[in-house]
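Novice:
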Amino acid sequence: GAVVSQHPSRVICKSGTSVKIECRSLDFQATTMFWYRQFPKKSLMLMATSNEGSKATYEQGVEKDKFLINHASLTLSTLTVTSAHPEDSSFYICSASRGTGDYEQYFGPGTRLTVT
Amino acid sequence: QKEVEQDPGPLSVPEGAIVSLNCTYSNSAFQYFMWYRQYSRKGPELLMYTYSSGNKEDGRFTAQVDKSSKYISLFIRDSQPSDSATYLCAMKNAGNMLTFGGGTRLMVKP
């Protein structure tokens, strides 16, 4: 199968600090990774798409300087929430895909971020 | 108007019932249709993946696509308490960018 992990599963941080979330593809090479945000009882909202070795492409309305995405290898992408604010509290989910064409996205288990 | 509309529920059914979940969409360019199941505080897992209009069956699950009406459905037969989750429809055209529905929360009561 295709397994995607996220770390940490939940994190609490104080306002103004930064927090990094890792997304790893454990048994396949992920050329493309996606980062989603999900509010309670709401659907997944795509934040950005990253291809290994390239800058991420952010969706409209997502601040690239606040949500830093790095996809330095074919198995790891990171999302760093900078200067965290309570309104950044949310469930962040990554997915990984073998390519940019018609490839399935495999989702990670998500990271619950709480900013106090 | 959202590109993909899905009734949020919650939908509560007794164990053993047939469940019908639906989505409508407006973008006729969508070619691929998926249903994901998401348990609370977990990531989505792919249940069904269909391309053309018609039915696709996998165990207790049947996915139905009607492109002419821009309407897709997921049927669950002999529903179980373990089926209690949020079901998300998703769709895409060429490439792998997904557009999700809002999700329907299903509760199957023993």
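Order-wise, the sequence lines are chains R and H.
One point on numbering: in my numbering, the residue at position 84 of the first sequence is 169, and numbering is uninterrupted.
One point on numbering: in my numbering, the residue at position 85 of the second sequence is 103, and numbering is uninterrupted.
Every residue gets a Cβ at the ideal spot worked out from N, C-alpha and C, and that includes glycine.
How would you list, in chain order, the residues of chain H whose beta-carbon sits under 8 Å from the beta-carbon of glycine 138/R?
Specialist: By Cβ distance, chain H contributes nothing, its closest Cβ being about 18 Å from glycine 138/R, past 8 Å.
Novice: According to a CB-to-CB cut-off of less than 9 Å, which residues of the stretch 184 to 201 of chain R neighbour chain H?
Specialist: So the close ones are Gly184, Thr185, Gly186, Asp187, Tyr188, Glu189, Gln190, Tyr191, Phe192, Gly193, Pro194, Gly195 and Arg197.
Novice: Cβ of threonine 104/H versus every heavy atom of the ligand MN: is any distance shorter than 7 Å?
Specialist: Only the bare structure without any ligand can be found here, which leaves the ligand MN out of the picture.
Novice: Between which two residues does the beta strand (DSSP E) harbouring arginine 95/H extend?
Specialist: Where arginine 95/H is concerned, there is no enclosing beta strand (DSSP E), given that its DSSP letter is neither H nor E.
Novice: To the nearest angstrom, report how far apart glutamate 63/H and aspartate 101/H are at their CA atoms.
Specialist: Cα to Cα, glutamate 63/H sits roughly 13 Å from aspartate 101/H.
Novice: Under a Cβ-count criterion, where at least 16 other Cβ atoms within 10 Å of its own Cβ denotes burial, should aspartate 112/R be classed as buried or exposed?
Specialist: It is exposed - the Cβ of aspartate 112/R has fewer than 16 other Cβ atoms within 10 Å.
Novice: Using a beta-carbon distance cut-off of less than 8 Å, what residues from the stretch 157 to 171 of chain R approach chain H?
Specialist: Answer in chain order: no residues at all.
Novice: Along the chain, where does the beta strand (DSSP E) that runs through threonine 163/R open and close?
Specialist: It spans 161 to 166 - the beta strand (DSSP E) in which threonine 163/R sits, taken as one unbroken run.
Novice: Does the beta carbon of isoleucine 178/R come closer than 8 Å to any beta carbon on chain H?
Specialist: So, interface residue.
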